[in-house]
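To keep things clear, I will list the structure first and then write my remarks on it.
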Amino acid sequence: MEIDFTTDEMMTIAAARALGNDDICFVGIGAPSAACNVARLTHAPDITLIYESGTIGTAPDILPLSIGDGELCDTAVTTVSVPEMFRYWLQGGRVTVGFLGAAQLDRFGNINTTVIGDYNAPSIRLPGGGGAPEIASSCGEIFITMKQTLRGMVEVVDFFTSFGHGSGGTDRADLGITTKGPTLLITDLAVWRPDPKTKEFIVRSLHPGVTRDHVQDTCGWPVKFADDLGVTDIPTELELTTLRDLKARTEAAHAVEVA
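Going by the working numbering, the sequence shown opens with residue 45, and the numbers climb by one from there.
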């Protein structure tokens, strides 16, 4: 039986697969939250999800609108103060994966969520970093998920909100940052991982039906492809059903709130 799926669904499910049962994951709102909860509801039921508001062991039935969504606290094993969350859990090295989104991203995994354009006279002012800069520095490794666009995947980010690998190579270690930094980028077109030496993101697999030209046409730097370039496995029926049910519950719940 042929399974139909969207590029967004492929991105979310591919990202979910990267998480394991033993992970302690600091979750970003939006696509990262969807991916983390699909993982929890499928192959990684014992994963520990942490949100910036201080909720630990969260198991939401619907996707949160923000880190302050009551669904997170209601379903958490415990809720701690934000200072405890950052100082003890995050900066104490107790979080294995940080899952982030980006408004702008460069080839070395540096993230901008602050401004588009000049900082003092931006064309767009974004929500800002929140806890993302600390997450990027203190989690064991960072996964990033975003849709590919020329305005999003850029040669140089307009503002360094969350430090990835700097200019590549040993930049991260040279600054005394001991964590791995960005180790995975999942877009709606491909799976990327950094080169072990240069730290530049390299395309490791294309999602089904995607071409190299499509990836390059939606990326603002010259794309490098792995010699053993693969094709991402299509979503399973379980993965798709889980994601769609989660989104349907979320839409229904938010529609009731608005009404």
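Cβ coordinates follow ideal geometry from the N, Cα and C atoms, glycine included.
Just so we're clear, the structure is a prediction, and the values are computed from it rather than from any experiment.
Alpha-carbon to alpha-carbon, residue j and residue i
i       : j       : result
Ala-234 : Ala-296 : 31 Å
Ala-120 : Gly-274 : 38 Å
Gly-174 : Ser-110 : 12 Å
Ser-249 : Ala-58  : 11 Å
Cys-80  : Val-71  : 7 Å
Ile-168 : Val-201 : 13 Å
Asn-154 : Gly-208 : 4 Å
Ile-246 : Cys-183 : 22 Å
Ala-270 : Cys-117 : 42 Å
Asn-156 : Pro-166 : 13 Å
Sub-8 Å separation of residue i and residue j beta-carbons
i       : j       : result
Leu-63  : Val-141 : yes
Gln-135 : Glu-178 : yes
Thr-286 : Thr-158 : no
Ile-100 : Asp-67  : no
Gly-172 : Val-126 : no
Pro-76  : Leu-144 : yes
Ala-88  : Thr-56  : no
Gln-260 : Val-254 : no
Ile-106 : Glu-115 : yes
Ile-186 : Pro-226 : yes
Thr-223 : Ser-181 : yes
Ile-188 : Trp-133 : no
Any C-beta of chain D under 8 Å from that of residue i
i       : result
Thr-122 : Here there is only one protein chain, and chain D is not present.
Contact set for residue i: own chain, Cβ-Cβ below 8 Å, skip 5 residues either direction
i       : result
Cys-263 : Gln-192, Leu-194, Met-197
Ser-211 : Phe-152
According to DSSP, residues forming a beta bridge with residue i
i       : result
Arg-237 : Ile-246
Pro-166 : Gly-161
Asn-156 : Gln-148
Met-197 : Leu-149
Pro-226 : Ile-186
Val-275 : Leu-250
Same chain only: Cβ atoms within 7 Å of residue i, ignoring 5 sequence neighbours per side
i       : result
Glu-281 : Ile-47
Residue environment, residue i, which counts as buried when at least 16 other CB atoms sit within 10 Å
i       : result
Glu-53  : buried
Lys-243 : buried
Thr-214 : exposed
His-298 : exposed
Proximity test, residue i beta-carbon vs the ligand ZN heavy atom, cut-off 7 Å
i       : result
Thr-255 : Summarising the ligand content, the structure contains no ligands, and the ligand ZN is consequently not present.
Contact set for residue i: own chain, Cβ-Cβ below 6 Å, skip 5 residues either direction
i       : result
Ala-103 : Thr-119
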